[in-house]
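Step one of this worksheet: look at the structure below.
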Ligand SMILES: [Zn+2]
Ligand SMILES: [Zn+2]
């Protein structure tokens, strides 16, 4: 399967393991941070029209270090938990109320679109102040030299 639209018809009743994969752009993650594949590994549980999806998604994001301004790659793994009901199985008001709940989705009996929760889960894992490594010394405040490269010829004092 490609992409994060789960084909419910291929999921066995009961518990099933599903691996999904797609380009970051397929789940609405844009350049330049996101250029790599997103991989998901899920346990799908189907009971009648109710589908629950649990697992995690992985990708790598390309960020700029806030200290040294170099680009670095950060592997991310985000947990996913989604519950889905078949649309039409509840009243319209009930469905709208449930959709406001982050984890509740609706499927049409054939397909369950996981792109929104996959995108949101990965975005939640993005650091607010990315650093290429915990002890990144950053740039010299005087000349802008990268201090991680060692000694440089900046006049002291
Ligand atoms: Zn850095
Ligand atoms: Zn300097």
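In our numbering, the protein residues as written are 305 to 461. Backbone N, C-alpha and C define an ideal beta-carbon position, used for all residues, glycine too.
Where does residue 346 land, buried or exposed, given buried means 16+ other C-beta within 10 angstroms?
buried
Taking the alpha helix (DSSP H) that residue 422 falls in, what are its first and last residues?
419 to 428
DSSP beta-bridge partners for residue 384?
359
Where the beta strand (DSSP E) containing residue 344 begins and where it ends
341 to 351
Contact check, residue 349 vs residue 389, beta carbons under 8 angstroms
no
Taking only the alpha-carbon atoms, compute the straight-line gap between residue 374 and residue 368 and give it to the nearest angstrom.
5 angstroms
Can you determine whether any heavy atom of ligand 2 sits closer than 7 angstroms to the C-beta of residue 444, and answer yes or no?
yes
Please indicate yes or no: does the CB of residue 372 lie closer than 7 angstroms to some heavy atom of ligand 2?
no
Report yes if the CB atom of residue 355 is closer than 8 angstroms to the CB atom of residue 434, and no otherwise.
no
Say yes only if the C-beta of residue 458 is nearer than 7 angstroms to one or more non-hydrogen atoms of ligand 2, and no if none qualify.
yes
Our contact map puts residue 419 next to residue 331 with C-beta atoms below 8 angstroms; I'd like the distance itself, whole angstroms only.
4 angstroms
Separation of residue 311 from residue 305, as counted between CA atoms
Confidence is the limiting factor: at residue 305 the pLDDT is only 48, short of 50, which leaves the residue's position unreliable and the question unanswerable from this model.
Examine ligand 2 and report whether any of its heavy atoms sits within less than 7 angstroms of the Cβ of residue 449.
yes
Are the beta-carbon atoms of residue 440 and residue 456 separated by less than 8 angstroms?
no
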